[in-house]
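So the sequence shown is numbered by the working numbering: it starts at 67 and just counts up by one.
Here is the structure we will look at, set down as structure tokens.
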Amino acid sequence: MNTELLGIYLNDHLAGAMAGTELARRISRTHPELRVLADDIEADRKELLDFMREVGVESRPHKEAIGWLTEKAGRLKLNGRVLGRSPLSDVLELETLRVGIEGKAALWRTLRALGSFDETRLERLQRRAESQAELVDSYRLGLASRAFHSPHVSGVDVERTFTVASTPEGVVEYLRDFSRAEQWDPGTVSCTRLDDGPVAVGSRWRNVSQFLGRKTELVYELTRDDATGLQFVGRNDTATSTDDISITPGDAPGTARIAYHAHVEFNGLAKLGAPVAKLALEKLGTDTEKNLVRVLGPVPAAR
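Following this line, the structure appears as structure tokens:
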């Protein structure tokens, strides 16, 4: 066997595996339900490294670095939005991941044909790749249908996903009362309830925030309230801010995974300030994550 050519071939696929792993991780941050898929793709990369060690092929770090850079460069592709993600982002990323999975399946078939590797192991990996491809196709087609029927929107998007040491029920109960934004939203100066009675869909708050050196006031309304998350929509003359907060069980008992997505749509001349607002909102997003982890409880690091 020509080990030199085999080494080039396996290292090229290792670069692709690195890019696929990075992409799958990024997709799973937006869609936590695909974390298992990301874990499987990472496991496949480690299986490839095992095969390389078996035949004495050394991994070439620069090849993996190329794979990492390729995934990062892929983020620069046009998606119909100047700032943030669009519904098309999910479709394009899943299509790219699907192509990578097909390349991986071709790798396993090639190694089986060589007859120098564990046939049972390769057959298992090939079946897993086929299963991954079916899952990605199913998910991609569902998102494509929604993406191409979605209304045209513009504005700024900020997303964060993190885990806290509180139950999903506890997180929903705490965040449901938007007046508590004074405790976790770094930009909030004051947040006052405008109506009475139990908090429910339709409840409203007056929120005064400090943003870009100026105080701004929005009236927020709770528009979604269920076991899986909350949505608050705030409005004034210059902007509409939509905060979607998805809440699912964390990996460990008693923890919750929070996927926070803020979309700010500017009106009139305020649209001209969107690029500056994007930078400021990204920092606010990071500070908001830190504050929510603080008030809801940090998850202890695994030992």
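For each residue, glycine too, the CB sits at the ideal point set by N, CA and C.
Computed from a predicted model, the values in this text were never measured in an experiment.
Rounded distance between the beta-carbons of residue j and residue i, thought under 8 Å
{"i": "L103", "j": "H79", "result": "Contact doesn't hold; Cβ gap of about 19 Å is too wide."}
{"i": "G166", "j": "A247", "result": "G166 to A247, Cβ: 41 Å. No contact."}
{"i": "A65", "j": "V238", "result": "One cannot answer for residue 65 here, as it falls past the ends of the chain, which runs 67 to 369."}
{"i": "A210", "j": "E168", "result": "About 18 Å separates the two Cβ atoms, so there is no contact after all."}
Separation of residue j from residue i, as counted between CA atoms
{"i": "N333", "j": "T282", "result": "14 Å"}
{"i": "D105", "j": "I74", "result": "26 Å"}
{"i": "V365", "j": "S125", "result": "35 Å"}
{"i": "L278", "j": "R323", "result": "30 Å"}
{"i": "P234", "j": "C257", "result": "24 Å"}
{"i": "A171", "j": "T96", "result": "25 Å"}
{"i": "D184", "j": "E120", "result": "10 Å"}
{"i": "A90", "j": "Y205", "result": "13 Å"}
{"i": "A83", "j": "M118", "result": "13 Å"}
{"i": "G221", "j": "K349", "result": "17 Å"}
{"i": "W174", "j": "A81", "result": "15 Å"}
{"i": "N302", "j": "L260", "result": "15 Å"}
{"i": "R270", "j": "Y286", "result": "5 Å"}
{"i": "T176", "j": "S182", "result": "11 Å"}
{"i": "Y240", "j": "G263", "result": "16 Å"}
{"i": "R280", "j": "A213", "result": "35 Å"}
{"i": "P319", "j": "E355", "result": "21 Å"}
{"i": "G122", "j": "A367", "result": "36 Å"}
{"i": "H215", "j": "E108", "result": "33 Å"}
{"i": "G253", "j": "N273", "result": "10 Å"}
{"i": "R178", "j": "K112", "result": "18 Å"}
{"i": "V284", "j": "T314", "result": "The residue asked about is misnamed: residue 284 is Leu in this sequence, not Val. For L284 and T314, the distance between alpha carbons rounds to 28 Å."}
{"i": "R193", "j": "D116", "result": "18 Å"}
{"i": "F228", "j": "A325", "result": "7 Å"}
{"i": "G230", "j": "L191", "result": "The amino acid occupying residue 230 in the given sequence is Val; Gly does not appear at that position. Approximately 34 Å, taken between the alpha carbons."}
{"i": "E161", "j": "L154", "result": "11 Å"}
{"i": "R187", "j": "D110", "result": "11 Å"}
{"i": "R226", "j": "D156", "result": "16 Å"}
{"i": "S245", "j": "R164", "result": "44 Å"}
Extent of the continuous alpha helix (DSSP H) to which residue i belongs
{"i": "V238", "result": "234 to 242"}
{"i": "V202", "result": "185 to 213"}
{"i": "E248", "result": "247 to 250"}
Assigned exposure category for residue i - 16 Cβ within 10 Å defines buried
{"i": "R360", "result": "exposed"}
{"i": "S275", "result": "buried"}
{"i": "E70", "result": "exposed"}
{"i": "S307", "result": "buried"}
{"i": "G150", "result": "Confidence at G150 is low in this model, with a pLDDT of 48, below 50, so the placement of that residue is unreliable and no value is reported for it."}
{"i": "T352", "result": "exposed"}
{"i": "E189", "result": "exposed"}
{"i": "V267", "result": "exposed"}
{"i": "H329", "result": "buried"}
{"i": "L76", "result": "buried"}
{"i": "S197", "result": "exposed"}
{"i": "L207", "result": "exposed"}
{"i": "D251", "result": "buried"}
N- and C-terminal bounds of the beta strand (DSSP E) containing residue i
{"i": "E99", "result": "Premise fails: E99 is in no beta strand (DSSP E) and is neither H nor E."}
{"i": "A325", "result": "322 to 332"}
{"i": "A305", "result": "305 to 315"}
{"i": "D292", "result": "280 to 292"}
{"i": "E124", "result": "Where E124 is concerned, there is no enclosing beta strand (DSSP E), given that its DSSP letter is neither H nor E."}
{"i": "D223", "result": "222 to 230"}
{"i": "G363", "result": "G363 -> no beta strand (DSSP E), and no H or E assigned at all."}
{"i": "S269", "result": "Counting along the chain, S269 falls outside any beta strand (DSSP E), and DSSP gives it neither H nor E."}
{"i": "T296", "result": "Sequence check: residue 296 is Leu here, not Thr. 295 to 301 is the extent of the beta strand (DSSP E) around L296."}
{"i": "S256", "result": "254 to 259"}
Inset, instruction - May I have a chain-ordered list of the alpha helix (DSSP H) segments no shorter than 4 residues that lie completely inside the region 150 to 180? - result: Runs of the alpha helix (DSSP H) spanning 4 or more residues and lying entirely within the region 150 to 180 occur at 153 to 180, in chain order.
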